[in-house]
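Novice: Last residue of the sequence shown: 297 in this note's numbering, with the numbers rising by one and none dropped.
For each residue, glycine too, the CB sits at the ideal point set by N, CA and C.
Here it is: the structure, laid out below.
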Amino acid sequence: MTDAPADMLERLGLTEYEQTALAELLALGRTTAPNLAEATGIPKARIYGVLDSLADQGYIEVIPGRPKEYQPKPPEEVLDRAVENHRQEFERYRQDLDSMREDFLAEFRPRYERASEDVRPAEELFHVVDVGEPSETETRRLYREADERVDVITKSFAYLEAVEPALAEALGRVDVRALLNHPDLLSAENREIQADIVARLRESYPEVSLRFSTGQLPWRGTLIDPSMAYDSGEAIFLVEEPGVPDHMRQAAITENGSFVAGLKRYMDLVWDHESVGEYPESG
């Protein structure tokens, strides 16, 4: 099996033997366990267990007879069943957590409150996560939790793919603005990335309002639900540090309503007075 099919089947949560068996079944069609063992090199002592597991997960059908035969489901049904399997798995996980919620809070809430008594106000303003998957996870959370607005400040929105499902879901519920650097302020590589991202946003998510800053943006990040009453909002952001690669950096997260309002005020000023709306040709 080539790497690409193996990678795709691994995403279904299959073991290596299950990946091999399912890939071969999809190529062979209906066949017996001995034939499949011969075709795949899976030991005959293991092949029946592998096929039973695939059948239990709903990816193949067992045809009674002497001998039994095994028929793969169509690829579309395999994907649909994988989604349903993981949905059921998550639902069981959620129910398990719900069942222990009262005991968990009774045990750990007092500990947390005792430990938090000595935290100074300045220490409560921010906490940090590594840039990369941790910061992308937090950004997706902000999209999911936003009630009214999501504002994005970014060089080129190169991480769009990492947050795209959360963005797509949020667009049915909140307004989204994205302020990007003018392409003249980007490297040739980032200009190309930005051009592709802008085209993708315009085609797939026309609801996203876009503008391009004519001055270099000093920070980038995402903020949600800011309020000029300073009583709501959350943000994740990092300041520009030329020469420092992202994997060596950290992003700050704040739930301080006053700070988030300040970030919004900055974005509003650039949006209204120091940006252009049409995607510009780089000079």
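Tell me where the alpha helix (DSSP H) around S223 begins and ends.
Specialist: Taking the sequence shown and counting its residues from 1, the one referred to as residue 223 is at position 209. Careful: S223 lies outside any alpha helix (DSSP H), inside the beta strand (DSSP E) at S223 to S227.
Novice: What is the residue span of the beta strand (DSSP E) that L231 lies within?
Specialist: Taking the sequence shown and counting its residues from 1, one reaches residue 231 at position 217. It is not in any beta strand (DSSP E) - L231 carries neither H nor E in the DSSP assignment.
Novice: If you run the structure through DSSP and keep just helix, strand and coil, what is H141?
Specialist: Position 127 of the sequence shown, counted from the first residue, corresponds to residue 141. Strand, per DSSP.
Novice: Please classify M242: is it buried, with 16 or more other beta-carbons within 10 angstroms of its beta-carbon, or exposed?
Specialist: As a first step, residue 242 is located in the sequence shown; it is residue number 228 there, counting from the start. Exposed: under 16 other Cβ atoms inside 10 Å.
Novice: Apart from the five residues on each side of it in sequence, which residues of its chain come closer than 7 Å, Cβ to Cβ, to R60?
Specialist: Residue numbering aside, residue 60 sits at position 46 when the sequence shown is read from its first letter. If we look at R60 and ignore the five residues flanking it on each side, its Cβ neighbours are Y31.
Novice: Below 8 Å, can you find three or more Cβ-Cβ pairs linking the stretch 253 to 260 to the stretch 205 to 216?
Specialist: no
Novice: Starting from A192, trace the beta strand (DSSP E) both ways and give me its first and last residue.
Specialist: By one-based count along the sequence shown, residue 192 stands at place 178. Element bounds for A192: D189 to N195.
Novice: Ordered along the chain, which non-local residues of its own chain (more than five positions away) have a Cβ less than 8 Å from that of P57?
Specialist: By 1-based counting over the sequence shown, the position of residue 57 is 43. Answer for P57: A51, listed in chain order.
Novice: Counting only the same chain and skipping the five closest in sequence on each side, list residues whose C-beta sits under 8 Å from that of G43.
Specialist: Here residue 43 refers to the residue found at position 29 of the sequence shown. So the list reads Q85 and P86, once near-sequence residues are dropped.
Novice: Since E157 and A180 are thought to touch, with beta carbons under 8 Å apart, how far apart are those beta carbons, to the nearest angstrom?
Specialist: Counting from one through the sequence shown, the residue named residue 157 turns up at place 143. Counting from one through the sequence shown, the residue named residue 180 turns up at place 166. Here residue 157 is Tyr; the residue named in the question, Glu, does not match the sequence. That belief holds up - the Cβ atoms of Y157 and A180 are roughly 4 Å apart, short of 8 Å.
Novice: Rounded to whole angstroms, what's the CA-CA distance from I77 to E269? Just pull it up for me.
Specialist: In the sequence shown, the residue the question calls residue 77 occupies position 63. In the sequence shown, the residue the question calls residue 269 occupies position 255. Linking I77 to E269 through their CA atoms gives a straight-line distance of about 57 Å.
Novice: Beta-carbon within less than 7 Å of L68's beta-carbon, same chain only, minus the 5 sequence neighbours each way: which residues are those?
Specialist: Within the sequence shown, the letter at position 54 stands for residue 68. Taken in chain order, the residues that qualify are E32, A35, L36 and I74.
Novice: Given T14, which residues of its chain have a CB within under 7 Å of its CB, disregarding the five upstream and five downstream residues?
Specialist: Past the edges of the chain, shown from 15 to 297, lies residue 14, and the structure says nothing about it.
Novice: Per DSSP, what kind of secondary structure is D245 in: helix, strand or coil?
Specialist: Position 231 of the sequence shown, counted from the start, is the residue given in the question as residue 245. DSSP places D245 in coil when its eight states are reduced to three.
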